[in-house]
Amino acid sequence: MKLIVAIVQDQDAPSLIEDLTEKEFRITKLSSTGGFLKAGNTTLLIGIEDEQLDEVIKIIENNCKTREITTSLLTVTMPGDTYIPYPLEVKVGGATLFILEVEKHIRI
Ligand code: 2BA
């Protein structure tokens, strides 16, 4: 058995969850925040059998898009201690996946 930890963009989460639950996969949805952009994203925990891995990755690929966003995250120091926002282009991935081996899964 495997546990997929999938970090996806909030916009992609509803359709992804719908497609996964339709195929009878079980999911836990967590609200998360990216460390770099400090913006909300969605983390899904998906427990699956080994042979289901390719199918789940395909469903994630079909639902999650890479987007380029402009953020004013960085600041530039100006003379006199003035800070001005510095626009930065960031490509946010369709999904970041961590795939872990599960030693034991118990449902009580
Ligand atoms: P964030 O940390 O908010 O990162 C958003 C995007 O900003 C990243 O997209 C990447 O393009 C860029 N970025 C992140 N850290 C950076 C840095 N130190 N310097 C320059 N650019 C940086 P993705 O790589 O697609 O990541 C999307 C979200 O997935 C991340 O949001 C984070 O929540 C999660 N994530 C990605 N890689 C991770 C990892 N190795 N461990 C844990 N979470 C990860």
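The sequence shown begins at 12 in the working numbering and counts up one residue at a time. A virtual CB, placed ideally from N, CA and C, is assigned to each residue, including glycine. Fair warning: this is a prediction, and the values are worked out from it, not measured in the lab.
Contact between L27 and I68 fails: their C-beta atoms lie close to 12 Å from each other, not under 8 Å. The straight-line gap separating the alpha-carbon atoms of I119 and T81 is approximately 46 Å. R37 is bridged by DSSP to G58. The residue among L56, S83, E62, P98 with its C-alpha nearest the C-alpha of T32 is L56.
For E114, no beta strand (DSSP E) run applies, since DSSP gives it neither H nor E. The alpha-carbon of E66 is positioned some 29 Å away from that of A50.
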